[in-house]
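Student: In our numbering, the protein residues as written are 27 to 427. Ideal Cβ positions, reconstructed from N, Cα and C, are used throughout, including at glycine.
(1) Between 390, 276, 249, 270, which lies nearest to residue 259 when the distance is taken from Cα to Cα?
(2) Within the chosen definition, does the region 105 to 124 reach the region 82 to 94 through at least 3 CB pairs nearer than 8 Å?
(3) Which residues in the same chain as residue 261 place their Cβ atom closer than 7 Å to its Cβ, once the five residues preceding and following it in sequence are excluded?
(4) Between the region 350 to 361 and the region 377 to 386, do three or more beta carbon pairs fall short of 8 Å?
(5) Across which residues does DSSP place residue 337 in a beta bridge pair?
(6) Determine the closest residue to residue 315 out of 307, 327, 355, 323, with distance taken between C-alpha atoms.
(7) If you follow the beta strand (DSSP E) that residue 202 is in, where does it begin and where does it stop?
(8) Give the DSSP-derived three-state secondary structure of residue 223 in the structure shown.
(9) Could you name each continuous beta strand (DSSP E) segment of 3 residues or more that falls completely within the region 138 to 201, going from the start of the chain to the end?
(10) Kindly indicate which three-state DSSP category residue 286 falls into: helix, strand or coil?
(11) Below 8 Å on the Cβ atoms is my contact criterion, and I expect residue 388 with residue 342 to pass it. Report the Cβ-Cβ distance as a whole number of Å.
(12) From residue 300 to residue 208, what does the alpha carbon distance come to, in whole angstroms?
(13) The alpha helix (DSSP H) with residue 264 in it runs from where to where?
(14) Please name the residue in 211, 228, 210 whose C-alpha comes closest to that of residue 217.
(15) How close, in whole Å, do the beta carbons of residue 148 and residue 137 come, if the pair is a contact with beta carbons under 8 Å?
(16) Leaving out the 5 sequence neighbours to the left and right, which residues in its chain are closer than 6 Å to residue 121 when beta-carbon positions are compared?
(17) On the CB-based measure, 16 or more other CB atoms within 10 Å of its CB, does residue 172 come out buried or exposed?
(18) Count the C-beta pairs between the region 330 to 338 and the region 294 to 310 that are closer than 8 Å, then say yes if the count reaches three, no if not.
(19) What is the DSSP secondary structure of residue 78, counted as helix, strand or coil?
(20) Return the chain-ordered list of same chain residues with a C-beta closer than 6 Å to the C-beta of residue 186, the five sequence neighbours on each side being excluded.
(21) Beta strand (DSSP E) containing residue 93: first to last residue?
(22) Work out the CA separation of residue 80 and residue 201 for me, nearest whole Å.
(23) Apart from the five residues just before and just after residue 386, which ones in its own chain have a Cβ nearer than 6 Å to its Cβ?
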């Protein structure tokens, strides 16, 4: 269709690459978020007096510091829903996605020196109520400066983009370079400690996670896909810079890289470096990754992102901007973003850049907020027809307790 058509009902249809088509596709998302914000404006007013925040207290089922065994038991959960429009030039796609739905519990025991966490997830559209464990671990903290964690957890790499909760992140998705690395939760043991302004970590993890996530017996894997180790060190610069937060951290992950494993199976070595500063109404993050030891098309990759936030209205309205980049050793070494660029192209190349601009509106901090944003991305340097140049528009809600 190279021209607009008039339907029998009098509606105008445009081809996918027509500017009016993209505007019409974006309007429902923007109108939906504005309507939701307006409908919940009364909640924002109530939150100022503490009314909304008190609802989250209902998740704490037990709290008694005098109890010698169990001091606290609370439910935990989250729902992340988002609507996306991908305009990839040659093709477009849009849909609502139940991005994350999780439910579980936290417990603090034995003078709060032992913490237990367990939660599971559903999948998009709630086709399966149980779609696998997320976190399932026990953390022992004999002192404020040392902790041991055993169970299914996040490997200690990517201090900002991976280790921080998605509830608190101001963008919809992690950076392309991190999603490139095939890193996810795994069963293992980690040690963490701090001394003065220094922090350190070390861990050992199993690479084997069964592909059938609905099989509870395989939630921790079969321990036959090789092992990974992590080492890292950090330093707190907040006092030196006279700011609220100034964390520097560098981490290294080494994997035996079994291609048959479910996670940690793409590169032998990954190094991440993070500098995260926050003070007053603003924050800034610079994080980089370097991965080597892949095979085939998985050549060495290097990339990172620069991200900043600014509170236009303190604790209510925040703007966020992010610039991401990545370079690969090989014309197919870089992959497009899994969400949502892969919906319109199976992109490969060796250069990737993306610009994200958006905002957050808080009802109860990161526990209930609305987000909206757009990201332009360009993937080039690969075989003809596998590149990507387009924009993803996103609106959504984040709810957690």
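Tutor: So, from the data block:
(1) The residue with the shortest Cα to Cα distance from residue 259 is 276.
(2) Result no; under three Cβ-Cβ pairs closer than 8 Å.
(3) So the qualifying residues of the chain are 223, 224, 274.
(4) At 8 Å Cβ cutoff, the stretches touch.
(5) Paired residues: 344.
(6) Ranking 307, 327, 355, 323 by Cα distance to residue 315 puts 327 first.
(7) Run containing residue 202: none in the beta strand (DSSP E); it sits in the alpha helix (DSSP H), 202 to 205.
(8) Judged by DSSP in its simplified three-state form, residue 223 adopts coil rather than helix or strand.
(9) Runs of the beta strand (DSSP E) lying entirely within the region 138 to 201, each at least 3 residues long, are 140 to 147, 159 to 169, 172 to 179 in chain order.
(10) Residue 286 sits in coil when the DSSP states are folded into three classes, being neither helix nor strand.
(11) Rounded to whole angstroms, the Cβ separation of residue 388 and residue 342 is 6 Å, and the two are in contact under 8 Å.
(12) Between the C-alpha atoms of residue 300 and residue 208 there is a straight-line separation of about 19 Å.
(13) 264 to 267 is the span of the alpha helix (DSSP H), which, as asked, contains residue 264.
(14) Nearest C-alpha to residue 217: 228.
(15) The beta-carbon distance between residue 148 and residue 137, rounded to whole angstroms, is 35 Å. This is too long to meet the 8 Å contact definition.
(16) So the list is empty, once near-sequence residues are dropped.
(17) Here residue 172 is exposed. Its C-beta has fewer than 16 other C-beta atoms within 10 Å.
(18) Yes: at least three Cβ pairs fall under 8 Å.
(19) The DSSP-derived three-state label of residue 78 is helix.
(20) Residues of the same chain with a CB within less than 6 Å of the CB of residue 186, apart from the 5 flanking positions on each side, are 300, 302, 311, 313 in chain order.
(21) From DSSP, residue 93 is part of no beta strand (DSSP E); its letter is neither H nor E.
(22) Those two C-alpha atoms are separated by around 34 Å.
(23) Closer than 6 Å at the Cβ level, and outside the excluded window around residue 386, lie 196, 344, 395, 397.
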